[in-house]
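Have a look at the structure below before the remarks.
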Amino acid sequence: MGYRWIGLGTSMLLSILWLKLFDAAFTLDALHKTIFMFCLQSAAGYWVGERMDKLRSLAFLDSLTGVLVNRRFCEKLEKEIERARRNRYEVTLMFIDLDNFKKYNDQHGHLAGDRVLCQFALLLQRAVRAHDIVGRWGGEEFVVLLPHTGTAQGMAVGERIQTEVRRELKGVTVSIGLATFPYHAGSALDLTARADALMYEAKKKRDCMLTAMH
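In numbering that gives the first Met the number 0, the protein residues as written are 0 to 213.
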């Protein structure tokens, strides 16, 4: 008689119990104790795995807004561009900056500024599809990855975001830079640089969206 517990380091748990009753002296009480210890170790292993899953998730998410952190977003972008290259589809990347945010922060305080960032992150997630990817690039800059999306469709999403910001957030607007793979850039790095540069050009006009033309 015996049992084996195998922890997989995730909230999935594989437990194996085998019994071999070959001893006439073996009692029902001993069987109960064996099963109890088996269940106890299985539960402990599941709990540890669940905590590890949560820690991994936290490492990927921005602690304030709950969207992807820069590093994780870049990993997703790289993989999406490689899939798009193999399967020949478009991917649009948006860089978005909250205009006047520093001024708003100075006037209303950091707690109010944090609330605006959280509200904006939620607004972005509502404005895009379930399979689109939202990340925080840093500070008040956010990024949105739109798979299977061309430039015109991406601009429609950007316009929707700008409209929602004007309606829901007071004191700030957004400037957007938008570029599409493979037309405006041939790699994840170049696409990032293109969209980022366009966002900074858009910021000069405020509440503006610019897209690459070639």
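From the three backbone atoms N, C-alpha and C, an ideal C-beta is built for every residue, glycine too. A quick note: this is a predicted structure, and the numbers were derived from the prediction, not measured.
Under the 10 Å beta carbon count, H183 is surrounded by 16 or more other beta carbons and is classified as buried. Taken through DSSP and simplified to helix, strand or coil, L197 comes out as helix. According to the DSSP assignment, R125 belongs to the alpha helix (DSSP H) that extends over 109-126. For G112, same chain residues with a beta-carbon under 8 Å away, outside a window of 5 residues either side, are F100, Y103, N104 in chain order. In the structure shown, the three-state DSSP call for A192 is helix. Residue burial is scored here from C-beta neighbours: R193 has at least 16 other C-beta atoms within 10 angstroms and is therefore classed as buried. A straight-line Cα-Cα distance of about 6 Å links L92 and A178. Annotation: E139 is outside any alpha helix (DSSP H) and is labelled neither H nor E by DSSP.
Closest in C-alpha terms to R70, from the list T64, F59, V164, L123, comes F59. Inclusion of A120 and T64 in the CB contact set at 9 Å is warranted, their separation being smaller than that value. Counting along the chain, the unbroken alpha helix (DSSP H) around V164 starts and ends at 150-167. In this structure, F180 keeps its C-beta atom at 9 Å or more from the C-beta atom of V142. Membership of A83 in the alpha helix (DSSP H) is indicated by the continuous run 69-86.
When the Cα atoms are used, G134 and E74 turn out to be separated by approximately 11 Å. Out of H109, R82, R114, G157, the CA that lies nearest to the CA of A126 is found in G157. A151 counts as exposed, since fewer than 16 other beta carbons sit within 10 angstroms of its beta carbon. The DSSP-derived three-state label of A187 is helix.
Following the DSSP letters along the chain, one finds A178 inside the beta strand (DSSP E) bounded by residues 172-180. DSSP lists no beta-bridge partner residue for T33. Excluding the 5 residues flanking it on each side, D195 has same chain C-beta neighbours closer than 7 Å at F94, G176, in chain order. Comparing C-alpha distances from E79 to each of Q118, T162, V115, L188 shows the shortest one belongs to L188. Between T162 and D206, the beta carbon gap of about 11 Å keeps them out of contact (Cβ cut-off 8 Å).
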